[in-house]
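Just so you know, the protein sequences line up as chains A and B, in that order.
Using numbering that gives the first Met the number 0, read the first sequence as starting at 0 and increasing by one per residue.
Using numbering that gives the first Met the number 0, read the second sequence as starting at 0 and increasing by one per residue.
Glycine included, every Cβ here is placed at the ideal spot set by N, Cα and C.
All values reported here derive from a predicted model rather than from experimental measurement.
Remarks on the structure that follows.
There are 2 protein chains.
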Amino acid sequence: MTKSRVTVVDIARAAGVSKSTVSLVLQASPLVNEQTRARVNAAIRDLGYVYNRGAANLRQTASSKIVGIVVNDLTNSFFAELAVGMDIVMQSAGFVQFLANTGESLDRQREVIASMREHGISGLIISPARGTDASDFKPLIAAGVPVVIVVRNIAGAKVSSLLSDNYAGARAATEHLIALGHRRIAFLGGFSDTAVSADRIDGYRDALVAAGLSADAALVVNSAPSRAGGVAAIERAMLIADRPTAALCFNDAVAFGVCDGLRTRSLEPGRDFGVVGFDDVIEAQTAVPALTTVSVDPQGMGRRAAQMLLKQINSGRVEAEAQVASVRLVVRQSCGTGAGQWGGGASHDTVAKDTMGTDRRQHDRA
Amino acid sequence: MTKSRVTVVDIARAAGVSKSTVSLVLQASPLVNEQTRARVNAAIRDLGYVYNRGAANLRQTASSKIVGIVVNDLTNSFFAELAVGMDIVMQSAGFVQFLANTGESLDRQREVIASMREHGISGLIISPARGTDASDFKPLIAAGVPVVIVVRNIAGAKVSSLLSDNYAGARAATEHLIALGHRRIAFLGGFSDTAVSADRIDGYRDALVAAGLSADAALVVNSAPSRAGGVAAIERAMLIADRPTAALCFNDAVAFGVCDGLRTRSLEPGRDFGVVGFDDVIEAQTAVPALTTVSVDPQGMGRRAAQMLLKQINSGRVEAEAQVASVRLVVRQSCGTGAGQWGGGASHDTVAKDTMGTDRRQHDRA
DNA sequence: CAGGATTATTGGATCGTTCCAAATAAGTCA
DNA sequence: TGACTTATTTGGAACGATCCAATAATCCTG
């Protein structure tokens with residue numbers, strides 16, 4: 000009942016040519032006569048032929064036109080947007096993508112990468128789970144599969160990476176809060192054992208000391224990098240003896256959670272407490288108050304990562320390249336603009352600072 | 000330089016057996032001697048062999064262990080969670096998934112499905128883009144590829160579907176608002192030309208007329224089913240002569256937008272205006288005020304859809320089955336619980352009503 | 001110990017496509 | 001007309017794993 004598939008041979012028979020000719024037509028080769036081409040194409044339509052890429056991929060020259068994408072938490076808008084950005088570029092390049100969510104599980108990550116390799120991915124973009132080791136990429140490198148690490152750095156991994164300028168972003172955001180008059184500024188959310196978190200905390204600390212403020216370790220509160228984590232973090236932050244008056248949050252999800260937590264204590268974010276996020280997910284603009292945040296442009300980052308991977312796939316050379324995406328502070332309403340007690344700010348979506356570290360490149364040999 | 004791949008023949012040579020034996024080991028066949036198996040496995044490890052599923056899939060008996068997932072808008076938490084639910088089930092079943100985002104584009108949808116077919120998916124789960132026609136699934140059906148339609152119904156499509164009970168959910172939510180004393184209730188967001196929207200509006204209307212209230216067509220405001228759309232919808236709703244005092248929103252994203260829009264007008268959702276969402280995405284619980292919404296459990300729905308598809312793939316029979324997932328109204332804070340002017344409600348995450356239409360099944364012949 | 005059952009192993013042939021070398025057809029030139 | 005292009009077309013032989021039928025090795029059992 001499930002009829003056996005239609006193959007090039009069937010097409011060849013129907014069009015009265017050889018399978019080789021059909022193959023040439025499929026590849027849009029200029030060698031084939033126009034009438035023959037038309038006849039073959041008609042047969043293809045009539046018989047409902049579907050190209051079997053798996054068969055074609057057997058010959059070791061071909062590219063599978065499949066890439067793998069591995070992320071930690073698709074329910075986080077940041078990763079969802081990142082994935083959408085990649086999807087856009089991959090789709091228009093004629094690639095199709097495996098997408099897997101690890102939920103920070105190293106086991107799942109390992110399994111999923113293995114599975115993708117069996118299916119012959121020609122490249123991989125990964126936001127590695129916490130605890131991923133540089134050696135985990137060895138087999139991929141040995142097999143000549145291009146890899147692009149995004150968002151989180153893995154020290155010592157000899158593969159390409161695209162990271163945002165976390166240090167500069169956090170520093171600019173902290174400086175903004177200081178300029179508004181804040182003296183007790185907390186850093187909320189995230190786990191400080193990750194590279195991303197460490198970089199942001201460094202930027203935050205350096206801004207504080209540069210302004211002659213003390214970097215009180217108690218003001219750094221770890222929590223899950225999620226909305227729920229933000230609620231928990233602000234609760235703990237409010238128990239600190241000398242309360243903070245503002246916070247730089249690990250990401251926008253945490254920032255939204257912090258706003259929620261403030262409201263349950265009848266504090267209005269922006270008026271009674273300054274909140275800055277990180278990422279600039281779409282909701283950041285429409286939320287009330289609109290979130291002041293460090294814009295990372297997740298979708299753009301996804302597109303860029305996809306382009307980096309495609310470049311490597313197409314060039315054939317696997318040449319590690321480290322790119323840093325610049326970020327910019329977008330000032331909105333969540334830190335008290337207008338007539339707040341911390342002085343007047345700009346009015347609407349003002350870009351305060353652009354980190355100029357864009358596109359520093361660093362090449363390793365293949 | 001990119002060394003040619005390691006194949007079963009290489010393993011065979013290294014282990015001093017034939018390729019057939021290696022194949023048996025790969026399939027964990029009990030026919031092979033323990034010592035031989037050990038020797039082969041050692042060779043597999045030593046040479047860094049990776050199984051080539053593409054080659055195996057050539058023989059028409061095998062299943063590709065790949066499924067396709069097509070959604071409209073991954074940046075919407077509802078779809079992201081849906082995808083995560085599917086991912087969980089597929090991963091543990093040893094499947095790997097193509098994921099593509101259509102952004103409601105029929106062209107992209109067509110291309111992406113074609114591409115997935117060329118790569119030999121053994122099944123497809125799709126939340127069809129607006130305007131998808133039942134005939135679009137003909138080729139898939141003819142080829143014996145199981146399809147599960149989720150979220151949005153396509154009338155006349157002879158494939159399985161998993162939909163939520165939109166009518167019952169909307170009706171229950173509307174009845175809840177009426178019970179709280181509301182008389183002018185709006186329906187905000189979504190496009191009424193989609194089946195989902197139509198069903199929800201039907202439930203909303205029927206609840207109104209059953210309560211002896213007039214169903215004023217002006218109170219139904221279309222908009223994009225997004226946060227931004229919600230902002231736009233509430234703005235238009237506030238221009239209506241006889242203003243509504245509450246709204247049932249097309250989905251949670253719209254509901255959040257409505258809350259945002261209310262706040263910019265200095266109206267506090269829950270106190271000054273009743274808001275009910277639809278979907279129950281994760282943020283619904285942590286948002287302030289916590290959103291009263293119709294819980295669809297998107298992740299659970301994703302899991303269930305994945306199971307439906309796997310069942311069909313494994314059984315071999317392609318038997319269309321229509322399932323309706325029951326929904327329940329989760330009462331939280333966004334419609335004025337406690338001492339609101341519309342009477343006291345329950346306190347915390349109360350389940351008000353469970354639609355009992357679960358798992359009505361309807362079989363078509365294969 | 002012949003014959004039968006059991007246990008392990010193994011050559012092809014096969015899946016659907018690509019690609020090379022070679023063949024054929026058609027035209028060109030002297 | 002024969003040699004020589006140029007334009008089309010075409011049989012195989014891969015690619016890597018599976019699977020069937022057949023073989024080889026071992027163990028019974030009367």
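- Look at Arg116/A here: in three-state DSSP terms it is helix.
- Among the residues facing chain B, Arg129/A is not included, as its CB has no counterpart in that chain under 8 angstroms away.
- Counting along the chain, the unbroken alpha helix (DSSP H) around Cys258/B starts and ends at Asp251 to Thr263.
- Burial is judged here by how many other beta carbons sit within 10 angstroms of a residue's own beta carbon; Asp259/A has at least 16 and is buried.
- If you compare the alpha carbons of Thr6/A, Val21/A, Ala79/A and Val31/A with that of Ile281/A, the shortest gap goes to Ala79/A.
- Remark: C-beta atoms of Gly168/B and Gly130/B do not approach each other more closely than 8 angstroms.
- Membership of Thr20/A in the alpha helix (DSSP H) is indicated by the continuous run Lys18 to Leu25.
- Arg107, Val111, Ser114, Met115, Arg116 and Glu117: these are the residues of the stretch 101 to 117 of chain A whose beta carbon lies less than 7 angstroms from some beta carbon of chain B, given in chain order.
- Any Cβ of chain A closer than 8 angstroms to the Cβ of Ala54/B would place that residue at the interface, and such an atom is present.
- Distance from the CA atom of Ser333/B to the CA atom of Tyr50/B, rounded to whole angstroms, is 54 angstroms.
- Among the residues of the stretch 254 to 265 of chain A, those with a Cβ less than 7 angstroms away from any Cβ of chain B are Gly256, Asp259, Arg262 and Thr263, in the order of the chain.
- Taking 8 angstroms as the cut-off, the Cβ atoms of Asp86/B and Gln96/B count as close.
- Contacts with chain A at 8 angstroms (Cβ-Cβ) include Glu282/B.
- Between Ile65/B and chain A, the shortest Cβ-Cβ separation is below 8 angstroms.
- Counting other Cβ atoms within 10 Å of its Cβ, Asn250/B reaches 16 or more and is therefore classed as buried.
- When C-alpha distances from Lys157/A are compared across Val317/A, Tyr166/A, Leu328/A and Ile65/A, the shortest belongs to Val317/A.
- The residue from Leu161/A, Thr20/A and Gln284/A with its alpha-carbon nearest to that of Leu30/A is Thr20/A.
- If you look at Asp278/B, you'll find it in the beta strand (DSSP E) that goes Gly273 to Asp278.
- Within chain B, Glu117 have C-beta atoms less than 8 angstroms from the C-beta of Tyr50/A, given in sequence order.
- Three or more Cβ pairs drawn from the stretch 4 to 19 of chain A and the stretch 39 to 48 of chain A lie within less than 8 angstroms of each other, which places the two stretches in contact.
- For Thr60/B, the secondary structure class from DSSP, reduced to helix, strand or coil, is coil.
- Taken in chain order, the members of the stretch 268 to 294 of chain B whose beta-carbon sits within less than 7 angstroms of a beta-carbon on chain A are Ile281, Glu282, Thr285, Ala286 and Val287.
- For the stretch 219 to 251 of chain B, the set of positions with a beta-carbon nearer than 7 angstroms to some beta-carbon of chain A reads Arg226, Ala227 and Val230 in chain order.
- Judged by DSSP secondary structure, Leu247/A falls within the beta strand (DSSP E) whose first and last residues are Ala245 to Cys248.
- Within the stretch 134 to 151 of chain B, Pro138, Ala141, Ala142 and Gly143 place their CB atoms closer than 8 angstroms to a CB of chain A, listed in sequence order.
- For Thr285/B, no beta strand (DSSP E) encloses it; the enclosing alpha helix (DSSP H) starts and ends at Glu282 to Thr285.
- From the beta-carbon of Gln59/A, the residues of chain B found nearer than 8 angstroms are Ser3 and Arg4.
- Ser3/A has its alpha-carbon roughly 20 angstroms from the corresponding atom of Ser17/A.
- Against chain A, a Cβ distance below 9 angstroms from Phe97/B picks out Ile65, Val95, Gln96, Phe97 and Leu98.
- Shown here, Glu234/B sits in a helix according to DSSP, grouped into three states.
- For Ala82/B, the chain A residues whose C-beta falls within less than 7 angstroms of its own C-beta are Leu73, listed in chain order.
- Residue state for Ala133/A is assigned as helix, using DSSP reduced to three classes.
- Val66/B and Ile124/B have their C-alpha atoms spaced approximately 8 angstroms apart.
- The beta-carbon separation of Val257/B and Leu187/B, rounded to 6 angstroms, stays under the 8 angstroms limit for a contact.
- About 7 angstroms separates the Cβ atoms of Ala206/B and Ile177/B, confirming a contact at the 8 angstroms cut-off.
- Below 8 angstroms, too few C-beta pairs join the stretch 217 to 237 of chain B and the stretch 144 to 162 of chain B to call them touching: fewer than three.
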